[in-house]
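Report on one structure; see the data block that follows.
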Amino acid sequence: MARHVRKGDEVMILSGDYRGRTGTVREVIVKRDRVVVAGSGIDAVRKNLRPTRDNPQGGVTEIDRSFHVSNVSPVVDGKPTRVRFEAGKDGSKKRVAVRNGAVLSEVRSAKAKKKK
-15 MARHVRKGDE VMILSGDYRG RTGTVREVIV KRDRVVVAGS GIDAVRKNLR PTRDNPQGGV
45 TEIDRSFHVS NVSPVVDGKP TRVRFEAGKD GSKKRVAVRN GAVLSEVRSA KAKKKK
């Protein structure tokens, strides 16, 4: 199934403690329907690491927060937008913002014509 967000997209959080804040998608976890978002205003999760042979000091590390894919939306002109998929006559497929019709990215490029 096609996703409305992709790696590198600027997204806005739609619900929860971080509602209204924006960040960049660092990773899309397809099996869990989640996206990892890093950015301004979104605190990273702090995780305590116990000492191991590889890391004898132990310590605290920060991991970027993940959100369910339904709770984020791409940002266009500073506002969240829904996404529509449009297919071209040449076989290309694009993600288009519903808010203003801007092309967000190309999902599939045009198919090459076969030579006879």
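Residue 46 in this note's numbering sits at position 62 of the sequence shown, with consecutive numbering throughout.
The C-beta atom is built at its ideal place from N, Cα and C for all residues, glycine as well.
The structure presented is a predicted model; accordingly, all values stated were derived computationally and were not measured.
In the DSSP output, which residue or residues are listed as bridge partners for Thr8?
In the DSSP output, where bridge partners are listed per residue, Thr8 has Glu(-6) and Ala22.
Can you tell me which residues form a DSSP beta bridge with Gly146?
In this structure the chain extends from -15 to 100, so residue 146 is not present and cannot be described.
Just tell me which of Arg(-13), Gly85 and Val80 has its CA closest to the CA of Val9.
For Val9, the nearest C-alpha among the options comes from Arg(-13).
Please list, in chain order, all residues of the same chain as Pro64 whose beta carbon is under 6 Å from its beta carbon, the five residues on each side excluded.
If the five residues before and after Pro64 are omitted, its C-beta is found closer than 6 Å to the C-beta atoms of Met(-4) and Ser57, all from its own chain and listed in chain order.
According to DSSP, simplified to helix, strand and coil, what is Ser76?
Three-state result, Ser76: coil.
Determine the DSSP secondary structure at Val53, reduced to helix, strand or coil.
DSSP places Val53 in helix when its eight states are reduced to three.
Below 7 Å CB to CB, which residues in the same chain sit around Asp48 once its five sequence neighbours on both sides are set aside?
Excluding residues within five positions, the ones whose Cβ falls inside 7 Å are Arg10, Val20, Val21, Ala22 and Ala28.
Measure the alpha-carbon distance for Arg103 versus Asp1 and round it to whole angstroms.
Because the chain in this structure spans residues -15 to 100, residue 103 falls outside the shown range and cannot be described.
Within a Cβ cutoff of 6 Å, which residues of the same chain sit near Glu70, ignoring the five residues on either side of it in sequence?
Taken in chain order, the residues that qualify are Lys78 and Val80.
Per DSSP, which residues does Ser89 bridge with? Please list them.
Ser89 is bridged to Arg79.
What is the rounded straight-line gap between the Cα of Gly33 and the Cα of Gln41?
Before going on, a small fix: residue 33 reads as Leu here, not Gly. Going by the C-alpha atoms only, they are around 9 Å apart.
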